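Visitor: Here's a structure for you.
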Amino acid sequence: MRTEADKIQNFIDGQFIEPVGGKYLDNIEPATGKSYSQVADSDSRDVDLAVVAAEKAFVDWSCTPAAERSKILLRIADLIERDLEKFARAESIDTGKPLSLARGLDIPRAVANFRFFATAILHTESEAHITDNVAFNYTTRQPRGIAGLISPWNLPLYLLSWKIAPAIAVGNIAIAKPSELTPVTAYMLCEIAQDVVHGTGPNVGAAITAHPKINTISFTGGTVTGRKVAEACAPLFKKVSLELGGKNPNIVFADADLEAAIAGSVRSSFANQGQICLCGSRVFAERSAYKDFVDRFIEKASKLKVGDPLDEKTEQGAIVNKTQLDKIKFYVDLAQEEGGKIALGGKAPKPINDRCRYGYFFPPTIITDLPVSCRTNREEIFGPVITITPFDNEEEVIGYANDTDYGLASSVWTQNLNRAHRVAEQIHTGTVWVNCWLVRDLRVPFGGMKASGVGREGGEEALRFFTEAKNICIAK
Ligand code: NAP
């Protein structure tokens with residue numbers, strides 16, 4: 002098993018190879034701020050090589066029986082699970098996330114992704130439609146060819162496997178481009194499976210989206226990059242799925258089980274240092290429960306242990322890089338200029354230990370007293386910074402929840418079932434969690450509305466995205 006200390010090369014046609022240009026980038030450990038490995042700084046020539054290999058591989062793989070493909074994916078899952086601890090440690094070092102989170106969430110979910118799609122392809126149904134006494138139609142779903150999979154740094158193996166598994170399960174060849182900031186677990190996965198070209202978004206990501214032979218693009222990342230991807234794909238008529246940013250509302254009604262709402266909200270606010278696209282960064286609490294909620298929420302959040310990601314007790318690790326840390330500080334300053342009051346956190350902590358002296362840490366931060374429509378409440382921060390705002394009634398809070406360009410996910414906390422249905426129906430987000438957060442059944446459609454994305458992943462949606470439907474119509 003390769004380790005995080007290696008020089009991270011591309012993996013093309015079953016082999017680790019140097020990038021054509023011979024260049025490498027430093028791979029920084031967020032907890033220490035120091036470079037600890039090198040990652041290939043590839044360009045369009047490497048993408049070209051990957052495409053040639055993928056075209057060759059497609060001939061056999063697309064004709065491999067589903068049962069055989071299924072077995073191979075199950076084997077990949079077993080191997081990741083066998084090395085779960087190594088993958089979890091590598092993910093923690095590479096991203097700054099607590100080891101316990103990588104062990105409990107990221108890597109098990111990568112295993113589940115492979116298992117889920119390995120077995121899903123054994124249970125798909127074919128469609129037939131009879132047109133009176135005129136014709137008999139049936140629908141075939143064939144693999145599309147070469148899929149370009151571009152993924153971000155916040156959940157590296159979790160999100161990459163969420164794309165790779167369905168893409169290859171249905172018979173495509175995947176060319177993956179993980180974030181250059183967090184390449185290690187994709188590199189480790191190559192030992193087990195896949196074609197991967199490492200490098201920056203503008204070099205490798207853009208070359209993938211522009212390549213005429215890559216006809217399917219599944220992208221997860223920020224909305225600004227998503228727009229560039231959409232622009233590059235549109236003239237080439239590529240099939241595109243875009244999973245983008247969020248500014249998710251988390252609504253707490255006074256009739257909620259407050260204990261559960263507070264625990265759930267602290268988790269949805271600060272899990273992975275707030276660097277999950279689904280984190281609830283705008284919390285709304287009904288006025289009659291506002292003070293109680295805010296006091297207890299602050300008390301619970303203040304107990305989250307910020308520490309070395311490799312320390313088993315750590316609940317809040319490091320921010321992924323300095324750019325992201327600076328962005329978080331910028332928004333905390335902006336929030337104060339906009340009239341916000343820092344109720345918790347707001348300043349980088351003292352050095353955690355000697356090892357982490359130069360690491361990128363920021364504590365859970367809670368801001369109150371901001372107007373709903375200010376920039377802090379509208380723009381994605383993607384860090385451990387949330388706002389809390391009071392509201393007086395359902396109609397008002399639905400307006401607040403929808404008053405954003407984004408529409409990824411939301412949470413509603415209430416014990417009134419009718420209200421739960423009513424509010425869920427009116428919120429413009431692709432997912433609404435009621436009395437929970439981040440419960441992910443892999444069969445359900447997943448994706449965003451508005452600036453949070455185009456298309457859906459998950460279950461049948463993913464299988465359909467990665468295949469081409471064809472109608473065969475036979476006269477009777
Ligand atoms: P990002 O900057 O948009 O990057 C995402 C991926 O795109 C990276 O691999 C990046 O490469 C690559 N890229 C950059 N420029 C590109 C270009 N011109 N063409 C093609 N690819 C390009 O996002 P991020 O900062 O890594 O991730 C955080 C964002 O992802 C947040 O906005 C978050 O909300 C969103 N996100 C959304 C979901 C969802 O399911 N909706 C899930 C997770 C995260 P490099 O970084 O290597 O340069």
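Letter by letter, the sequence shown follows residues 2 to 477 of the working numbering. From the three backbone atoms N, C-alpha and C, an ideal C-beta is built for every residue, glycine too. Predicted model only: the values in this text are computed from it and were never measured.
What separation, rounded to the nearest whole angstrom, lies between the Cα atoms of Ala264 and Arg90?
Guide: If you number the sequence shown from 1, residue 264 lands on position 263. If you number the sequence shown from 1, residue 90 lands on position 89. Separation of Ala264 and Arg90 (C-alpha to C-alpha, rounded to the nearest whole angstrom) is 26 Å.
Visitor: Do Phe285 and Ile252 count as a contact pair if the criterion is CB distance below 8 Å?
Guide: In the sequence shown, residue 252 corresponds to position 251, counting from 1. In the sequence shown, residue 285 corresponds to position 284, counting from 1. Less than 8 Å divides the Cβ of Ile252 from the Cβ of Phe285.
Visitor: Answer yes or no: do Gly275 and Gly384 have a C-beta to C-beta separation smaller than 8 Å?
Guide: The residue given as residue 275 occupies position 274 in the sequence shown. The residue given as residue 384 occupies position 383 in the sequence shown. The answer is yes: Cβ separation under 8 Å.
Visitor: Would you check if the stretch 461 to 468 and the stretch 155 to 172 touch, i.e. whether three or more CB-CB distances between them fall below 8 Å?
Guide: Judged by Cβ distances under 8 Å, the stretch 155 to 172 makes contact with the stretch 461 to 468, as three or more pairs qualify.
Visitor: Figure out for me which residue from Ala121, Leu75, Ile151, Asp370 has the closest Cα to the Cα of Thr226.
Guide: Reading the sequence shown from its first residue, position 225 is the one you call residue 226. Taking only the C-alpha atoms, the option nearest Thr226 is Ile151.
Visitor: Short check: CB of Leu279 to CB of Leu161, under 8 Å?
Guide: In the sequence shown, the residue the question calls residue 279 occupies position 278. In the sequence shown, the residue the question calls residue 161 occupies position 160. Contact: no.
Visitor: First and last residue of the alpha helix (DSSP H) that includes Tyr188?
Guide: If you number the sequence shown from 1, residue 188 lands on position 187. Bounds of the alpha helix (DSSP H) holding Tyr188 are 185 to 191.
Visitor: Where does Val333 fall in DSSP's three states?
Guide: In the sequence shown, counting from the first residue as 1, residue 333 sits at position 332. Here Val333 sits in helix by DSSP.
Visitor: Pull up the distance between the alpha-carbon of Glu5 and that of Glu128, whole angstroms please.
Guide: Within the sequence shown, residue 5 is the residue found at index 4, counting from 1. Within the sequence shown, residue 128 is the residue found at index 127, counting from 1. Unreliable positioning characterises Glu5 in this predicted model, as indicated by a pLDDT of 48, which lies under 50. A coordinate reading is not provided.
Visitor: To the nearest angstrom, how far is it from the Cα of Leu83 to the Cα of Pro352?
Guide: As a position in the sequence shown, residue 83 is number 82, starting the count at 1. As a position in the sequence shown, residue 352 is number 351, starting the count at 1. Before going on, a small fix: residue 83 reads as Arg here, not Leu. So the two alpha carbons sit approximately 35 Å from each other.
Visitor: Mind checking if Ser180 is an interface residue toward chain D, Cβ cutoff 8 Å exclusive?
Guide: The structure shown contains no chain D, having only a single protein chain.
Visitor: Quick check: does the Cβ of Glu380 come within less than 7 Å of any heavy atom belonging to the ligand NAP?
Guide: On the sequence shown, residue 380 is found 379 positions in, with the first residue counted as 1. No - the ligand NAP has no heavy atom lying nearer than 7 Å to the Cβ of Glu380.
Visitor: Check whether the Cβ of Thr405 sits closer than 7 Å to any heavy atom of the ligand MN, and report yes or no.
Guide: Ligands in the displayed structure: the ligand NAP; the ligand MN is not one of them.
Visitor: Roughly how far, in whole angstroms, is the beta-carbon of Asp47 from the beta-carbon of Pro20, given that I think they are within contact range, below 8 Å?
Guide: As a working mapping, residue 47 is identified with position 46 in the sequence shown. As a working mapping, residue 20 is identified with position 19 in the sequence shown. In this structure Asp47 is in contact with Pro20, their Cβ atoms being roughly 5 Å apart against a cut-off of 8 Å.
Visitor: Taking 7 Å as the cut-off, is the beta-carbon of Leu409 closer than that to any non-hydrogen atom of the ligand NAP?
Guide: By 1-based counting over the sequence shown, the position of residue 409 is 408. At least one heavy atom of the ligand NAP lies less than 7 Å from the C-beta of Leu409.
Visitor: What first and last residue would you give for the beta strand (DSSP E) that runs through Thr141?
Guide: Taking the first residue of the sequence shown as 1, we reach residue 141 at position 140. Thr141 -> beta strand (DSSP E) spans 136 to 144.
Visitor: Quick check on Arg70: buried or exposed, where buried means 16 or more other Cβ atoms within 10 Å of its Cβ?
Guide: One-based indexing of the sequence shown puts residue 70 at position 69. So Arg70 ends up on the buried side.
Visitor: Can you say whether Gln325 is buried or exposed, counting buried as having 16 or more other CB atoms within 10 angstroms of its CB?
Guide: Locating residue 325 in the sequence shown gives position 324, where the first residue counts as 1. Flag for Gln325 reads buried.
Visitor: Decide yes or no for the touch test of the stretch 25 to 36 against the stretch 317 to 324: beta carbon pairs closer than 8 Å, at least 3 of them.
Guide: Enough Cβ pairs lie closer than 8 Å, so yes.
Visitor: Note the first and the last residue of the continuous alpha helix (DSSP H) segment covering Val48.
Guide: As a position in the sequence shown, residue 48 is number 47, starting the count at 1. Start and end: 45 to 62.
Visitor: What ranges does the alpha helix (DSSP H) occupy inside the stretch 401 to 453, keeping only unbroken runs of at least 4 residues that lie completely in it?
Guide: 418 to 427
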